[in-house]
Every structure is written in structure tokens, then in C-alpha cells.
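Chemist:
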């Protein structure tokens, strides 16, 4: 996972942005060329130039830069919904992710959050990822290998339910962080608390207020965590053109809630940490509304999953072979 810096060279992914802001990604390789309706740009013409240079295809100028992980995540094939970069950044911050930690992740999806976590670990420590569905994990593994060029040695993937199998793969009080991106994270609170060492962090990423409410109550009821904190992140871009300065008409608003809680030492008798939830605050009907089926689990068709896996593997193979051409997507388009 050596940083890609300096002049462009063979094997480097390069993002080319044309006159209409359409973006293409190629991987520089000997003997290959970038083809457009305006002409052909041999890859050799980009080798040795500084990152952030202008190259020409006919009379048309293209900006050539190495793509950011943000660009890759937003354009990679998806089998399941991804954690958007705005939330991934806050997850890395509030989970205090750093090299050398052992992080447990549940709900791999298409591998977006796994990519951010693995890069933050910087080849040190370990990421243990649980995913219930093999077809999702296949797509995620292809996407991760496509970005890093190979499967990171610090990544261990497991097909199974974290709530049932975490103890088989991670010993008690040996995890530093547990990150849950799933439909019913409250089902994994007990297993997470058992795996976390004192001072560790539990973070849950959920989409709806009912999921957030039940997760928070489960953490409080468990009694091994300090008071949980919940938040969401809204991102609004601005149009700036001379004196015409205003918010853009479109924005990346709600994508999900983040809940974090610190694992406390064993046998800690602090009433405020172990307070029981007010049973009058919700009824049996409310609990029923909190079930996974009620909060909604959008099933992906087998055809869509097969296509996403095929695209992810093709992209990974092209990166390894030295050629890929794909349009970038934005959070608004996703």
C-alpha cells in the first residue's frame, strides 16, 4: 500500500477530466492508448508528467490526475448500498481509527467502508470483516483488490452473523473498535461488548430513526458502555462565481446516523451508565415496528448482484492488466 505520488508512471490509475467535466479512469500501461471521439492519447504520452497536468486529445484539453479514493468508491460496482465518503470520514474520526488497531466490521456490503478502514490502518493492525451474504463479500473483495492492487494482508473476511460467530474469530476483550453497518445492530451489542477491551469504541451506522432508537436503548441496557452519542452529517456545497455566492440547489443531506459508545471497565457500578430504559417510552407495537422487516431491507436481485460482481472483477482485472475506462459518479447521482 505504497502511496502513489510524484510523476505519473506505468501502473498508475489516472483520472482524465474532459471539456464537459466527464471523467474517465485509465491505468497507464505500455502499448495502450486512451480513445475518444476527439482522437487517441497514447498512455506513453502521460508517463513522466507531473500529477495534475494538462494533456491534449486533438484540440481538446484533459486534466490528468491520480484519482482519489473518494472517486473510486463512488464509481466502483455495487452489490449493496455504500457508506458515503462524508460518513466514512466521520466514522474514521469518531471511531478514532489509527494504525495498529484491531477493528471488527460487520456488514461489508460493497466494500466502501472496508477500503477507508484498511487505508487508515496503513498496513498495521487488523480489520476483521463479517458479511452474511457471500455474493456481497465477493463484490467487496474484488473492489478492495482493485484499489490496492492486491488483497491487503491485514484484512480477514468471514461469512457469517457477527452476533453468533464473533467469539469464534475474535477472543474476548481483544478488539479495539467494532463498527456495525447493518439492519439490526442492536442484535450485536452483547457480542460487541464481549469482544471489545475496556476503552474500546462501538460505532453503529444506521439509516432510520427507529433503528437508531433501538440501538441506543440496547447499548444502555447492556450496561458495559458509557452513555452513547448520536449524530448525523449534512454536506452542502456552494456555488461561487464572483459576487454570485449561494448554496447549491442540491445537497447531500441525510444518508445515515452515527452512534458511538465507549466500552467501560468490567464490574463498573455507575448508575448513569447502567440506567434502564423507560419502559413507558415505547410499547410492544413500537418494538414490532423496530424489527428488521418493518424498518425495511431492500433486497437486491440475483441478476443485479451477478452484474455487480462481474463488473467488480472486470475492473480489478483491468487494473491488474493496466487498462480501465469508467465514468465517475457523484453522491447525488448514486
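In UniProt numbering, the protein residues as written are 1 to 334. We put the beta carbon where it would ideally sit given N, CA and C, even for glycine.
1. Within a Cβ cutoff of 8 Å, which residues of the same chain sit near residue 12, ignoring the five residues on either side of it in sequence?
2. Which word fits residue 68, buried or exposed, when buried means at least 16 other C-beta atoms lie within 10 angstroms of its C-beta?
3. How is the beta strand (DSSP E) around residue 259 delimited, first residue to last?
4. Using C-beta distances below 6 Å, list every residue in its chain close to residue 77, excluding the 5 sequence neighbours before and after it, in chain order.
5. Take residue 239 as the anchor and find which of 233, 247, 133 has the nearest alpha-carbon.
6. Please report how far the alpha carbon of residue 39 lies from the alpha carbon of residue 33, in whole angstroms.
7. Write down every uninterrupted run of the alpha helix (DSSP H) in the segment 21-89 whose length is 4 residues or greater and which is fully enclosed by it, in chain order.
8. Use the C-beta contact count for residue 241: other C-beta atoms within 10 angstroms, 16 or more gives buried, fewer gives exposed.
9. Touching or not, the segment 96-112 and the segment 77-86, by the rule of three or more beta carbon pairs under 8 Å?
10. Just to check my reading of the structure: residue 201 and residue 102 have Cβ atoms closer than 8 Å, yes? What is that Cβ distance to the nearest angstrom?
11. Measure the alpha-carbon distance for residue 72 versus residue 16 and round it to whole angstroms.
12. Where DSSP assigns a beta bridge to residue 10, which residues make up the other side?
13. Less than 8 Å between the beta carbons of residue 316 and residue 123, yes or no?
14. Enumerate, from N- to C-terminal direction, the unbroken beta strand (DSSP E) stretches of 3 or more residues contained entirely within the segment 191-250.
15. Pick from 61, 57, 236: whose alpha carbon is nearest that of residue 36?
16. Cutting at 7 Å between CB atoms, please list the residues of its own chain near residue 96, excluding the five before and the five after it.
17. Excluding the 5 residues flanking residue 314 on each side, which residues of the same chain have their C-beta closer than 8 Å to its C-beta?
18. Since residue 63 contacts residue 54 with CB under 8 Å, what's their CB separation in whole angstroms?
19. Exposed or buried, what is residue 215 when buried is set at 16 or more other beta-carbons lying within 10 Å of its beta-carbon?
20. Hey, could you find the ends of the beta strand (DSSP E) residue 176 is sitting in?
21. Using the three-state DSSP reduction, which class does residue 164 fall into: helix, strand or coil?
22. Helix, strand or coil for residue 4? Go by DSSP, reduced to three states.
23. For residue 81 and residue 162, which I take to be in contact (beta-carbon distance under 8 Å), what is that distance rounded to the nearest angstrom?
Modeler: Considering the structure as presented:
1. Here residue 12 corresponds to residue number 12 of the chain shown, with the count starting at 1. Within the same chain, residue 12 has close Cβ partners 4, 27, 28, 66.
2. The count along the chain shown starts at 1 and reaches residue 68 at position 68. Exposed.
3. Within the chain shown, residue 259 is the residue found at index 259, counting from 1. Its beta strand (DSSP E) spans residues 257-262.
4. Locating residue 77 in the chain shown gives position 77, counting from the first residue. If we look at residue 77 and ignore the five residues flanking it on each side, its Cβ neighbours are 308, 311, 312.
5. Here residue 239 refers to the residue found at position 239 of the chain shown. Cα-wise, what sits closest to residue 239 is 247.
6. In the chain shown, counting from the first residue as 1, residue 39 sits at position 39. In the chain shown, counting from the first residue as 1, residue 33 sits at position 33. Spanning the two alpha carbons is a distance of roughly 10 Å.
7. 69-75
8. For the purposes of this step, residue 241 is taken as residue 241 along the chain shown, with counting starting at 1. Classification for residue 241: exposed.
9. yes
10. Looking up residue 201 in the chain shown gives position 201. Looking up residue 102 in the chain shown gives position 102. The pair is not a contact, with the Cβ atoms about 12 Å apart (cut-off 8 Å).
11. One-based indexing of the chain shown puts residue 72 at position 72. One-based indexing of the chain shown puts residue 16 at position 16. For residue 72 and residue 16, the distance between alpha carbons rounds to 13 Å.
12. For the purposes of this step, residue 10 is taken as residue 10 along the chain shown, with counting starting at 1. For residue 10, which the question treats as bridged, DSSP gives no partner whatsoever.
13. The residue you call residue 316 lines up with position 316 of the chain shown. The residue you call residue 123 lines up with position 123 of the chain shown. Cβ atoms of residue 316 and residue 123: not closer than 8 Å.
14. 196-206, 229-232, 238-241, 244-247
15. What you label residue 36 is simply residue 36 of the chain shown in a count that begins at 1. Closest option to residue 36, Cα to Cα, is 57.
16. Indexing the chain shown from 1 puts residue 96 at position 96. Excluding sequence neighbours, residue 96 sits near 201.
17. Counted from its first residue, the chain shown places residue 314 at position 314. Same-chain partners within the cutoff: there are none.
18. As a working note, residue 63 is residue 63 in the chain shown. As a working note, residue 54 is residue 54 in the chain shown. About 6 Å separates the two Cβ atoms, so the contact holds.
19. The residue you call residue 215 lines up with position 215 of the chain shown. Answer is buried; the Cβ neighbour count reaches 16.
20. Numbered from its first residue, the chain shown carries residue 176 at position 176. 175-180 is the extent of the beta strand (DSSP E) around residue 176.
21. On the chain shown, position 164 is the one that residue 164 refers to. Reduced to three states, the DSSP call for residue 164 is helix.
22. Locating residue 4 in the chain shown gives position 4, where the first residue counts as 1. Coil.
23. To locate residue 81, count along the chain shown from 1; it is residue 81. To locate residue 162, count along the chain shown from 1; it is residue 162. Not quite, the Cβ-Cβ distance comes to about 18 Å (not below 8 Å), so this is no contact.
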